[in-house]
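Read the structure below first, then the notes.
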Amino acid sequence: MESDPRSAGPDDQGLRRACDQCRTRKIRCDKSSPCSNCRITQRPCSSNGVGQKPKEQRHRVLISLQYEKKIDLIEERLSNIEDLLRSLTNNPQSVGDATWDASRVRHVTPSASTVGDVSILTHDGADSDSAFEGELSLTAHTMFASDFIESAVQRTSLQDVAPNMHAALSALRQIVSMQSRTSSTREFRFRTQQSLPPGGLADLPMPPMNAVVALLKHMKVSPPSIFSLACSFLDVDDLAELCRRVYFCTDNFADTTFIIVNGALFYLFMEQAYLAPDGTSREEFESYQHMCRNNLETALACLPLMLPAKVESIEALLIAAVYSVDVSNASLAWLFTSTAASLCQTLGYHRVSQARSDSAGPRDIKTLLFWHVYMLDKTLSLRTGRASVIQDWDVTLPRRVDNTMVADPWGAIITTWIKQSEIQQRVYEQLYSPLALNQSQEERIETVRRLESEQKTIMAAASQVREQALFGLKALNASSILDIHLRGDELTFHSTMTLIYRALPAPEGSPTRFTQECIDTARFSMQLHLECMQKIAEEGRHLKAVYIHWAILLTPFTPFFVLFCHVIDTSSASDLKRLNEFVGSLRPACALSEPVERLHQLCSMLCNVATLYVEGKSQQSEERDPVNDEFDVYLSALGFPPTECPAQGMDTGEISQPTLQTAQLGNWFSGSQYMMGLLEEDLSQFN
């Protein structure tokens with residue numbers, strides 16, 4: 001009687017595999033004992049594993065928490081897509097409801113877990129890490145909008161829209177798509193940088209020596225200029241000595257020396273070109289200016305960030321940061337400023353004891369250097385949404401610049417800038433940072449009122465200082481560029497105040513997400529900008545680029561984004577007109593500056609979107625228009641959702657109004673930062 005396989009003991013269970021005969025003949029074995037093949041051929045049936053490699057013990061693969069989260073996110077996104085498709089099938093007009101019902105799951109609360117989950121999903125499968133975008137809860141909107149984009153392209157309801165409507169939707173679609181393609185490994189490349197010659201920087205062409213000598217002599221006897229303000233940390237005599245090192249080079253000079261010389265000459269020749277009395281002189285100065293710009297960009301492109309801790313290194317990094325602001329590359333300016341801040345801290349320039357022991361010369365240049373680095377560090381913290389490198393509790397220097405560092409009236413002006421930059425960094429830290437967004441609404445309101453009071457105090461003091469300075473500069477017959485530069489400060493103050501008011505919650509039942517204080521300040525800022533541009537038009541169009549670079553591009557220009565969202569919320573015709581006037585004011589300066597051209601292109605596109613959105617709302621029937629629904633999806637992905645969207649398809653009992661407003665605040669700030677960040681990207685792809 002044959003043994004029953006089911007009655008085999010534990011040892012037999014381990015041997016129950018393909019027998020040696022079947023394995024050798026490469027035929028299927030039924031693994032019984034004996035197997036059917038061996039019984040038919042009357043061969044001995046054995047399974048000893050002769051000639052087989054010993055079976056390695058397998059370990060159970062443990063799925064990490066990270067991959068479990070990925071799987072959960074994929075399942076959730078698939079579920080959201082299924083819900084959207086189901087709602088589109090049942091009711092094509094309800095796409096807006098489905099969109100917000102699906103998106104609210106991932107994005108209502110900007111908590112730490114949300115940020116982590118979204119980050120994992122965003123980085124998966126990418127060749128490089130995604131660039132930091134500020135508050136990452138905005139990424140959840142973008143991921144959902146990316147799914148929506150794929151289906152929107154094929155949607156039949158949008159195939160017959162007007163060409164201008166289609167162009168606006170296409171531009172929004174491209175902007176949303178760019179969020180997922182922005183990489184932290186973005187190559188920083190200047191537009192005119194050249195390949196380094198075999199002989200190094202010394203082989204690059206320089207302006208004629210006689211032109212440079214004449215320029216330096218003119219600086220000593222001429223009235224104050226924009227160079228004496230923007231580069232007040234450089235003395236004319238020190239600059240002359242650095243020029244001698246470059247022009248009479250008996251040995252290799254440092255890269256930092258070459259950067260300081262060409263950066264300083266670039267700004268000096270730029271101002272001389274503006275002030276030139278005739279076209280021939282202007283062309284000559286502009287040719288020298290372009291030569292210095294090419295040299296500066298080439299030197300910056302190969303500048304190592306492991307620089308020796310000394311004054312010249314910090315001066316070169318400051319020149320590099322100032323120039324990066326001028327070409328609207330805040331990320332690169334942040335890189336140079338952060339390095340300069342580290343060197344200042346290494347040398348102890350932020351401490352009173354070190355500053356006193358080192359200030360043996362006629363000018364306290366080291367303290368002045370530190371405050372210039374401090375101002376850029378704090379301002380760029382707000383512009384880029386990153387923590388400041390220099391912490392205020394670590395600084396023991398008095399927050400002032402006096403006539404031991406610079407000539408009057410620059411001391412009082414720079415002191416005002418120091419206080420303003422400190423406020424700007426605190427606005428980010430106390431209102432828009434991840435920690436600040438987790439505070440209660442009552443705490444946020446209290447913080448807003450405290451910052452509002454401090455900002456008003458600074459504005460009042462700055463106004464008095466500015467008027468006194470302008471009166472004195474006019475008596476000295478100083479450059480009119482200084483007038484424009486100083487009046488641009490007033491716009492920066494009001495733009496910062498708009499950002500402070502933005503953190504206030506809107507009254508319950510308000511048709512817009514902003515308080516009246518925020519809207520009024522934004523409107524005043526826009527009017528102030530138009531007045532400045534009108535005054536510049538009387539002086540010369542070349543000044544417009546300088547003004548826009550420092551008054552609008554250095555800090556997030558909050559008034560434009562506030563009024564844009566207000567138009568989306570309320571269809572305000574007067575504010576839509578203000579947006580159009582702002583776009584029109586940029587147009588004359590587009591040919592003079594690539595950053596201004598990109599700003600004009602971006603704002604023009606948003607203004608066009610607002611115009612078409614308002615037209616669509618006025619013409620739509622009681623049922624929602626699919627075209628406006630698509631606008632809503634893209635605007636939400638950029639952090640600018642219409643106020644009515646979050647209420648659609650949402651159970652108001654599930655989430656409190658303060659929590660919802662906090663999420664909207666974080667997303668709005670991230671959206672405005674992202675839009676300003678687009679000025680560093682290639683926008684030639686936009687229609």
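Per full-length UniProt numbering, the sequence shown starts with residue 1, numbered consecutively.
Here a beta-carbon is modelled for each residue, glycine too, at the ideal position from N, C-alpha and C.
Non-local beta-carbon contacts of I568 in its own chain, meaning distances under 7 Å to residues more than five positions away in sequence, involve A610, Y613, L635, F640, P642 in chain order.
Nearest Cα to H290 within the set H600, C565, A460, P207: P207.
DSSP, read as helix, strand or coil, puts K31 in coil.
With a beta-carbon spacing of about 7 Å, K366 and V311 fall inside the 8 Å limit used to define contacts. The beta carbon of I259 sits closer than 8 Å to the beta carbons of L296, A299, L300, L303, A316, I319, A320 from its chain, once the five residues preceding and following it are set aside; these are given in chain order.
Taking all protein chains in view, the Cβ of D20 is crowded by 16 or more other Cβ atoms within 10 Å, so the residue is classified as buried. The alpha-carbon of Q661 is positioned some 18 Å away from that of R449. Residue environment: P44 is assigned as exposed (fewer than 16 neighbouring CB atoms within 10 Å of its CB, all protein chains considered).
Around the beta carbon of W410, 16 or more other beta carbons sit within 10 angstroms, so the residue counts as buried. Shown here for Y323: same chain residues with a beta carbon closer than 7 Å to its own, the five before and five after excluded, namely G263, L296 in chain order. By the Cβ-count criterion, V546 is buried, with 16 or more other Cβ atoms from all chains shown falling within 10 Å of its own Cβ.
T447 sits away from S421, with the two beta carbons spaced by 9 Å or more. Here DSSP, grouped into helix, strand and coil, assigns M306 to coil. Burial of N329 is indicated by the presence of at least 16 other C-beta atoms within 10 angstroms of its C-beta.
Annotation for L234: no alpha helix (DSSP H) segment contains it, and DSSP assigns it neither H nor E. In this structure, the alpha-carbon of W417 lies about 18 Å from that of E429. According to the DSSP assignment, A506 belongs to no alpha helix (DSSP H), since it is labelled neither H nor E. Annotation note: the region 369–411 contains no uninterrupted alpha helix (DSSP H) run of length 4 or greater.
Annotated three-state conformation of V176 is helix, per DSSP. Restricting attention to A240, S232, A202, the CA atom closest to the CA of A214 is found in A240. In the three-state reduction of the DSSP assignment, L435 falls in the coil class.
Under the three-pair Cβ rule at 8 Å, the region 485–494 counts as touching the region 546–562.
The way I'd put it, the region 452–466 doesn't touch the region 430–439; fewer than three beta-carbon pairs between them come closer than 8 Å. A direct Cα-Cα distance of roughly 24 Å separates Q601 from T496.
When the five nearest sequence neighbours on each side are left out, the beta carbons in the same chain lying within less than 6 Å of the beta carbon of C22 are those of C29, N37, in order along the chain. Straight-line measurement puts the Cα of W334 at about 33 Å from the Cα of F248.
Going by beta carbons, D402 and S388 fall outside the 9 Å limit.
By the CB criterion at 9 Å, Q664 and G385 fall outside the cutoff. Burial check for Q534: the Cβ neighbour count within 10 Å stays below 16, so the residue is exposed. The Cβ-Cβ distance between P505 and R587 does not fall below 9 Å. Judged by DSSP secondary structure, K26 falls outside any alpha helix (DSSP H); it is assigned neither H nor E.
Judged by beta-carbon spacing, E452 lies within the 9 Å limit of I500, meaning their Cβ atoms are closer than that value. A check of alpha carbon separations from P163 across A469, S195, N608 identifies N608 as the nearest. Around the beta carbon of Q272, 16 or more other beta carbons sit within 10 angstroms, so the residue counts as buried. The C-beta separation of R426 from T415 comes to about 17 Å, leaving the pair out of contact by the 8 Å criterion.
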